[in-house]
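As you go down the protein sequences, you meet chains A, B, C and D in turn. Numbered per numbering that gives the first Met the number 0, the first sequence spans residues 0 to 324. Numbered per numbering that gives the first Met the number 0, the second sequence spans residues 0 to 324. Numbered per numbering that gives the first Met the number 0, the third sequence spans residues 0 to 324. Numbered per numbering that gives the first Met the number 0, the fourth sequence spans residues 0 to 324. Report on the following structure.
Number of protein chains: 4
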Amino acid sequence: MSKIALIGAGRIGRIHARNAALHPRLTLAAVVDPVAASAESLATEWNAPVRSLEDVLADGSIDGVIVASSTDTHLEYSIRAVQAGKAVFCEKPIDQDLQRARSAADALKGARLFLAFNRRFDPNFQALKARLDEGSIGHIESLQITSNDPAPPPPSYVAVSGGLFKDMAIHDFDMARWLLGEEVAEVWAAGSCLVDPEIGKLGDVDTARTVLKTGSGKLCVISNTRRSGYGYDQRIEAYASAGMVRADNVLESTVQVFGEGGAGSDRLQNFFLDRYAEAYRREMDHFADILAGAMPSVGYADGVAALALAEAATLSSKTGEVVKL
Amino acid sequence: MSKIALIGAGRIGRIHARNAALHPRLTLAAVVDPVAASAESLATEWNAPVRSLEDVLADGSIDGVIVASSTDTHLEYSIRAVQAGKAVFCEKPIDQDLQRARSAADALKGARLFLAFNRRFDPNFQALKARLDEGSIGHIESLQITSNDPAPPPPSYVAVSGGLFKDMAIHDFDMARWLLGEEVAEVWAAGSCLVDPEIGKLGDVDTARTVLKTGSGKLCVISNTRRSGYGYDQRIEAYASAGMVRADNVLESTVQVFGEGGAGSDRLQNFFLDRYAEAYRREMDHFADILAGAMPSVGYADGVAALALAEAATLSSKTGEVVKL
Amino acid sequence: MSKIALIGAGRIGRIHARNAALHPRLTLAAVVDPVAASAESLATEWNAPVRSLEDVLADGSIDGVIVASSTDTHLEYSIRAVQAGKAVFCEKPIDQDLQRARSAADALKGARLFLAFNRRFDPNFQALKARLDEGSIGHIESLQITSNDPAPPPPSYVAVSGGLFKDMAIHDFDMARWLLGEEVAEVWAAGSCLVDPEIGKLGDVDTARTVLKTGSGKLCVISNTRRSGYGYDQRIEAYASAGMVRADNVLESTVQVFGEGGAGSDRLQNFFLDRYAEAYRREMDHFADILAGAMPSVGYADGVAALALAEAATLSSKTGEVVKL
Amino acid sequence: MSKIALIGAGRIGRIHARNAALHPRLTLAAVVDPVAASAESLATEWNAPVRSLEDVLADGSIDGVIVASSTDTHLEYSIRAVQAGKAVFCEKPIDQDLQRARSAADALKGARLFLAFNRRFDPNFQALKARLDEGSIGHIESLQITSNDPAPPPPSYVAVSGGLFKDMAIHDFDMARWLLGEEVAEVWAAGSCLVDPEIGKLGDVDTARTVLKTGSGKLCVISNTRRSGYGYDQRIEAYASAGMVRADNVLESTVQVFGEGGAGSDRLQNFFLDRYAEAYRREMDHFADILAGAMPSVGYADGVAALALAEAATLSSKTGEVVKL
C-alpha cells in the first residue's frame, strides 16, 4: 500500500479522494486544503487526517501527492512535491501561462509527474487508440475531435478561464498529440461569439474550429462550443489509411422509444464527472502503477505542449493568421 | 425480350405492370381485367393493349402470365395459364382454403409457377439469408420474425381476409420455412384481441405470437399485430450456433435530430409498397430468369406449406392446443 | 448508519459486501460463512468482523441481514432473520421448490424481505419501465424478453440448477410480471437441446421459447439460450398501444471500426457481474431505503410467483401442453 | 408533357435520359452527342431520335435541354439553349474557370437555368434541411460536412479535374451555402498529399480540411479525402442554437451480424450513382416543375458562388493564408 496525500478538497479533489481511498493499492493518508471546513469534511468522509502541506512534504512515509488545488498553484506544489521526493499526480492544466510553464522545465522535465488529462483514460478513447495501434486499419492520417459543452459557464468563470482554447480545447490539443503520434507544426483557428454576447465582451469566443497540421501533413480538426443545445458532446473520429475508427457519445441508458415520428434515444451523459467517472478511476490506477515504479504515460512536457497549442490557437483566432510552431 | 400478360389491374397489378414494362428483358404485351376502365387506364400508361384472358392464353407469342387478380381466382388462372404452356407469376397467397389449394396438386405441383412471396426478395432479408448461407456464424438454431402493421384494416376487410394468420402471418410462415431450411413439425399460437373489439366480434385476433418447432428442435417465434403504434415493423433475427444476424427496419431517411432529450431518428418506412418496392422489382427479375429457363425459387408447394401453417396456427389459437403437422 | 450482516461470502456475497461497505448509509458489521477462510478474507477486505449466524441474529444492533448463501438455505435464513426482527435482503431465487417456497407463506408473507431480482434495478430496464409508466406510448400490450447466456455452464452445474426455466428464465418471469402489471393466466413453453447434448441427457433443455398470456390477453415471449455465440444478450421490447420501448444491450465501449466491409461495433458487455454492476449497487440503495422505513418493492410473494411460472414452463415444455395457472 | 432534349450521352447523361424518359410529365425527344455510337445506343434504349444540336435548338417544340456534356461545354451550350428560349438543366459545375464563368453573367444571370447540384436533392440532406427549417432546434450556427471518396481517381483524371477543391469539394461548398443561409466571408484550407504521391506531383492534394466563416461568424468545416478506406462517406452535421441534426451514410442493407467480437453493419453504399440515384430522380422532378413554370431552386449564380469558394480554397491551401471574399 502506497500512502498518498491530496492537496485541494474541491470538486475534483473529492473525486480523486474517493478513488484513492477505495483503491486496493493506495491509502489516503492526508488531506490538505487552506479552507479548514473543506479539508475536514472530506477527510472525515474517508477517515483520513487533515494535515498541512509542509507536514506532508516533510513526511517520508508519504509516497505520492495529488495536486488538485487551484490552477495557479499546480506548478508550485508540483515542484515542491517533486523536490521532496514524492511522485506527483497533477491535475490539468500544468498552468495557464506558457512562459511560466516553460520556466519550470529545469525543475520538472522528466520528473515523476503524472499530468492527469482525463480523456486519455476514458475507456472509449482508449479503445479507439487500441484499435489504431493494432494497425488493422493502417496508419492515422487525420482526426476529428468534437468537444462541446452542454451550457456555457457564467461570464465570471470565463473571465478567469484563460479563454476557450486554454480552458476547453486544452483537452483536445492533448488528445490530438496523443493520437496523431507526431508534433503539430501549424495551427489555425477560427472563433466566433454566437452563444453569449457577454463572452464576446470579455474578448473570448464561444464557438471555434481549430485545424492542426503536423510536419508530415496529418490534419486534425477540433470543434468546440460552449453550448451545444443537446448535451455534452465528446466524440473522436480517426481516419486511417485503411479505415476509420470512431468513439461515440455515452448515453444515459440504452432505451429507445418508438412512436409515429420515429425512435428516440436517451440523453447524452451530460455531467463531466459522470461521463469521465471511469477515466478518473483509471487515472488513479495509473498513479498506483507509477508509485510501483512505472513511468508516467503523460507528464510535464505534454502539459507544456498542449498549452503551446492553446496559446497558438488563441493567437490565430485573434489575428486570422496561421501560427507556425 | 419475353412477352408477358398481366391479369388484374388493381393496386398490386399496377406495381407489377410498371416493373414488367421497365424491365430490360420483358415486354408487357397485354393487360387483362374484368373492369374495363382499370384495364384501359393501366394499359395506356404502359402502352400495352387490353386483351381478354381467353385471347391471351390462346396467343402462342405470350410467354408468361402474371396473376394479380383477386385471391379466389389465383388457383384457377394459374392452372389455366400453366395448361396453356405459360410460365406463371402468381401473387400470394395461393388460396385461402387449404383443401382447395391441395386439390390443385395434380395440376400445379412442379409447374413453372413462381409464387411471389415478396419478403424473400427484399434486399435486407436476402442479405440476412446470404450471411446465414455463408456459414461464418454456424447453422441456424432459432428465429424471431416481427411483422407488425402500422394500423388495422377496416372490419370489412378483416371479415374476408381469412384471419390474421392467413392474411398477415402467411408471409412469416413462408419466411420461417425459407430460413429454417427444415419443415415445421409443431405449431402453437396465442392470439388476443387488444386493438379493435370489432375484429374480435368477427372471431379474429389482432395480436398474436406463434411458435414453430421443426423436427430437429429448431424454434421460431412470429410476432404479429395489426397496429403497432410506431409504423410498419418488419424485422428478423436469426440465431445461429456461432452468432446472430439481424435485418432491421428501413427508415425514411438517415437523419437524426439531437436535443436536450436525446436523439430522434426518422420514421419507419411505413407503406408496404414503398418498403417492398425493391422486392417487387427483384420478383420481376426472377420472373425474367424463369422465362429464360430458370426454375422458380418458390412455387406452388411453398404456397400450400405456408397455408397449412396458417391453418394450423388459426386452429391452435382457437383451441389453445399444439397442432402437429 | 444502519448495521448489516452478510451471510455467504461467495461470488455474489462479495459483490454485496463491497456495495454495503461503500454505502454512505450502511455499515457492514458482520460476515458469516461456514467456510472460515472465505469469511476471513472478505471480512478483512472491508474491515468487518467475522461472526456466527446465531451471534448476528441475537445482536439487537444489527438492523438488516443479506442472505447470499446457497439457494437451499435462502428460505431458512430469511425466516430466522425475519423472526429475529431483521430486515432481509435475500438473493434470488426464493427457493428451487415451489411447494417448499409456498410453505413459508405464514412466516414470510408481508415480511420486511427484499427479494433481490437484479434486473429490476438495471438502469436500462428501469428507464424502460419509466417510459412505460409515463404513459406517452399508451398501455402495454405485449412484451419480448431476450435473455441469452454467452456460454453454457458445465453439466455438473446444470444437474443441480433446477433446469433452464428455474435457473435462467426465473429472472425473465419476474420481469414479465413487473412490466405486464398483471398476473399470468397461461404458460406455454417449447424447449430444445441444440447446444450441448450433455444437457439433454440430464433431462434439461438449452434453448427455449416461452409464451405467457395474462387474463386480459396481454402476451409475453421469453427467448432463452444457454449459448448465444455473440455474448450476453439482455434485451427487452415492450409493445404498447401507441408505441414501443426497447432496452438494448450494453457494449464494452462506444467504438466503431469502419472498413471496406462495413462498421464493427464493440462486444457486448459479457460478464453478468459487469453487466449488472450498477443494478447491484441500486439493490443496496433500496435495502438502505428499506432499513429507513420503505416497503420492499419486490418480496417473498414475487419470488413465489416467478417460481410458479418457472415450474409451469418446465411442465409445459415436457408435456407440450398449455399450463393454466 | 414537356419535350426535352439531352446533350451528352455519357455516364451521367444516361442517368438523366432514363429519369427523363420514365418521368410522367416529360418526353425525351432528342439525344445529342458528337459520338454517334453513344447517341444511337442511348436513343434506341429510350425510343428517342438522335438529332443535332442545331436542329434541337431550332425546334420550337422542344421545351427544355439537359446539358450533360463535358464540363468545358456547359457554359456554351447553356447560353445557346437559353438564347433559343429553352429551359436548361445543366450538370455541375458551371465551369472550372471562375473568370470564364463570371463572364457569362450577362447571358445567364437570372436565366431559366437549373444547375444540378445533386446533393441538394438527396432525400437525407433534404430531410436535414427540413428539420433545420422547421426551427425546432433553433437557428444554424455551424456545420460539419464530410465528403470522402472510396478510392482515388487515376492521375490522368486528377490532371484535368481542376484539383480537389473544384472537383470534389465543389459539392460541399454548395451545400455549405445552401445550409448556412448566408454568404461566406473567409476561406481557409489546409491540404496534404497523403494517399497517392502521383497526385502530389500534379500539384494537387488528396486530403483537405476547409474552414468557412460567414459575415456573422457562422463556421463550416469541410473534410475531404480522395480515399477513405471504408467507402463513400457522405455525411452532414448541422449545429444549431437548440440542438443538432445529422444526416448519416446510407448502407447497403440493414443487416447486422453479431459474433464474439461485436456487431458488424453492412457496407456503405459506395457507388455515387447508387448513393444518389434518388437525388437524380428528384432533380428531374424539379426540372419538370421548372418546365411547368417554377423558378429553379439553384442556378447560375450558385454555380459561380461555389466555384469562387473552390478557387479561394485552392489558393488558401497553396499560400497557407486566409482568403477573404
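Here a beta-carbon is modelled for each residue, glycine too, at the ideal position from N, C-alpha and C.
| Check | Outcome |
| --- | --- |
| Short CB-CB distance (under 9 Å) between B/Pro-33 and chain D | no |
| Of the residues B/Val-81, B/Ser-160, B/Tyr-279, B/Val-64, the one placed nearest B/Arg-225, counting alpha carbons only | B/Ser-160 |
| Counterpart residues of C/Thr-253 in DSSP-defined beta bridges | DSSP output for C/Thr-253 lists no bridge partner at all. |
| Reference D/Ser-252, options D/Ser-315, D/Ile-235, D/Asp-273, closest by Cα | D/Asp-273 |
| Outcome for C/His-170 when other beta-carbon atoms lying within 10 angstroms are tallied against a minimum of 16 | buried |
| Cutoff 9 Å: A/Asp-195 Cβ touching any chain B Cβ | no |
| Contact set for C/Arg-79: own chain, Cβ-Cβ below 8 Å, skip 5 residues either direction | Leu-52, Leu-56 |
| Spatially closest choice to C/Phe-88 from C/Ala-312, C/Val-321, C/Ala-35, C/Val-297, by CA coordinates | C/Val-297 |
| Through-space distance from D/Asp-195 to D/Asn-46, alpha-carbon basis | 44 Å |
| Sub-9 Å separation of B/Val-157 and D/Asp-247 beta-carbons | no |
| Between the CA atoms of B/Lys-2 and B/Pro-23 - distance to the nearest angstrom | 12 Å |
| Among D/Ala-207, D/Asp-265, D/Ala-189, nearest to D/Thr-318 - alpha-carbon criterion | D/Ala-189 |
| Residue-chain proximity (A/Gly-59, chain D), Cβ-Cβ < 9 Å | no |
| Short CB-CB distance (under 9 Å) between C/Gln-255 and chain A | yes |
| Residues of the segment 138-152 of chain C whose Cβ lies closer than 7 Å to any Cβ of chain A, in chain order | none |
| Extent of the continuous alpha helix (DSSP H) run through B/Tyr-238 | Not the alpha helix (DSSP H): B/Tyr-238 falls in the beta strand (DSSP E), residues 232-239. |
| Proximity of A/Leu-211 and A/Val-220 at Cβ, strictly below 9 Å | yes |
| Where D/Met-167 falls, given that 16 or more other Cβ within 10 Å makes a residue buried | buried |
| Host beta strand (DSSP E) of C/Ser-1 (start-end) | 1-6 |
| Contacts around D/Ala-287, its chain only, beta-carbon distance under 8 Å, and the 5 residues preceding and following it disregarded | Ser-1, His-22, Arg-24, Leu-25 |
| Against chain C: residues of the segment 258-269 of chain B by CB proximity under 7 Å | none |
| Residue(s) in a DSSP beta bridge with D/Met-243 | B/Phe-257, D/Tyr-238 |
| Residues that C/Pro-122 contacts on chain A, provided the C-beta gap is smaller than 7 Å | Ser-252 |
| Contacting residues, own chain, Cβ-Cβ under 7 Å from C/His-138 (five flanking each side not counted) | Ala-239, Ser-240 |
| Cβ of C/Met-243 within 9 Å of any chain A Cβ | yes |
| Cα-Cα separation, A/Ala-311 to D/Gly-12 | 49 Å |
| Proximity winner among B/Thr-145, B/Glu-90, B/Asp-54, relative to B/Asp-71 (alpha-carbon distances) | B/Glu-90 |
| Buried versus exposed, by CB contacts within 10 Å (16 or more), A/Val-262 | Val is not the amino acid found at residue 262 of chain A; the sequence shown has Ala there. A/Ala-262 comes out buried. |
| Where D/Thr-333 meets chain A, residues with beta-carbon distance less than 7 Å | The displayed coordinates of chain D run from 0 to 324. Any statement about residue 333 of chain D would go beyond what the structure contains. |
| Alpha-carbon spacing of D/Asn-18 relative to A/Asn-123, whole angstroms | 46 Å |
| Own chain, CB closer than 6 Å to D/Arg-111, minus 5 neighbours either side, in chain order | Ala-86 |
| Within 9 Å, strictly: CB atoms of A/Ala-67 and A/Leu-27 | no |
| Any C-beta of chain C under 9 Å from that of A/Ser-240 | no |
| Any C-beta of chain C under 9 Å from that of D/Gly-230 | yes |
| Residues that DSSP places opposite C/Leu-112 in a beta bridge | C/Val-87 |
| N- and C-terminal bounds of the alpha helix (DSSP H) containing C/Gln-125 | 122-133 |
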